[in-house]
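I have placed the structure first, in the form of structure tokens, so that the comments after it can refer back to it.
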Amino acid sequence: MAAGIPEVGGLRSRLALWIFHRYFILTRGMTLGVRAACFDREGRIFLVRHTYVPGWYLPGGGVERHETVGEALEKELREEGNLVMTAAPSLFHVYFNSRISKRDHVVLYRVEVEQTAPRTSDREIAEARFFHLDDLPEDTTTATLARVKELRGESPPSDLW
Numbered sequence: 007m008a009a010g011i012p013e014v015g016g017l018r019s020r021l022a023l024w025i026f027h028r029y030f031i032l033t034r035g036m037t038l039g040v041r042a043a044c045f046d047r048e049g050r051i052f053l054v055r056h057t058y059v060p061g062w063y064l065p066g067g068g069v070e071r072h073e074t075v076g077e078a079l080e081k082e083l084r085e086e087g088n089l090v091m092t093a094a095p096s097l098f099h100v101y102f103n104s105r106i107s108k109r110d111h112v113v114l115y116r117v118e119v120e121q122t123a124p125r126t127s128d129r130e131i132a133e134a135r136f137f138h139l140d141d142l143p144e145d146t147t148t149a150t151l152a153r154v155k156e157l158r159g160e161s162p163p164s165d166l167w
């Protein structure tokens with residue numbers, strides 16, 4: 007498997023994340039995110055490429071105030087991929103994401119999904135689609151590649167994103 011690319015690399019992505027997290031500091035005591043390893047019936051994994059940071063990621067996003075992790079998961083899958091869960095999500099692991107901030111945690115679920123319609127690009131998502139696990143894009147992020155290895159049982163889950 008390739009080494010991947012850093013999740014936060016260029017000035018543009020660093021600036022965007024810096025702005026987002028300054029906002030989150032004001033609105034949240036701790037940041038909590040949810041991501042999903044979404045698999046279709048063919049065993050392919052769904053990845054998204056954002057417009058504001060480089061690389062391919064597992065779909066997900068922040069858990070907002072008054073929102074459960076499950077509600078956030080369902081919302082992010084719908085928004086980022088037109089995906090609906092076909093079975094109950096399975097909690098895979100909880101990670102500390104110190105690369106983003108010293109108070110960010112990510113809850114990762116494994117989810118079986120169906121796509122209700124192709125996801126077209128917009129201001130947030132440049133591309134979104136399914137990939138065979140042995141044929142992931144070259145510019146998949148390092149963290150995404152690490153999560154795929156964990157999901158495949160090739161390495162134990164790390165506590166760090």
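In our numbering, the protein residues as written are 7 to 167. Note that the Cβ used here is the ideal one computed from N, Cα and C, for glycine as well.
query: Following the continuous beta strand (DSSP E) through V113, name the residue where it begins and the one where it ends.; result: D110 to Q121
query: Suppose you measure from the CA of R153 to the CA of T92; what does that come to, to the nearest Å?; result: 22 Å
query: Note down, one range per segment and in chain order, each beta strand (DSSP E) of at least 3 residues found wholly within the region 20-69.; result: 37-45, 51-56 and 66-68
query: Using the DSSP secondary-structure output, state which residues sit across from A134 in a beta bridge.; result: V54
query: Taking the C-alpha atoms as reference points, what is the distance between R20 and E118?; result: 32 Å
query: Taking all protein chains shown into account, decide if I106 is buried (16 or more other Cβ within 10 angstroms of its Cβ) or exposed.; result: buried
query: Could you pull out every residue in the same chain whose Cβ sits closer than 7 Å to the Cβ of S96, ignoring the five residues on either side in sequence?; result: Y115 and R116
query: Assess, as a yes-or-no matter, whether the region 54-66 is touched by the region 128-138 under the definition of 3 or more beta carbon pairs within less than 8 Å.; result: yes
query: Whole angstroms is fine: what's the gap from A75's alpha carbon to A9's?; result: Ala is not the amino acid found at residue 75; the sequence shown has Val there. Going by the C-alpha atoms only, they are around 30 Å apart.
query: Alpha helix (DSSP H) containing L79: first to last residue?; result: V75 to G87
query: In three-state terms, what does DSSP make of V14?; result: coil
query: Can you give me the C-alpha to C-alpha distance between R158 and Y101, rounded to a whole angstrom?; result: 17 Å
query: Just list the residues that DSSP pairs H99 with in beta bridges.; result: L114
query: Using only CA atoms, which one of T126, D141, T146 and N103 lies nearest to D165?; result: N103
query: When the distance is taken between beta carbons, is E13 closer than 8 Å to T148?; result: yes
query: For H111, which residues of its own chain have a beta-carbon under 8 Å away from its beta-carbon, when the five flanking residues on both sides are left out?; result: M36, T37, L38, G39, V100, Y101, F102 and N103
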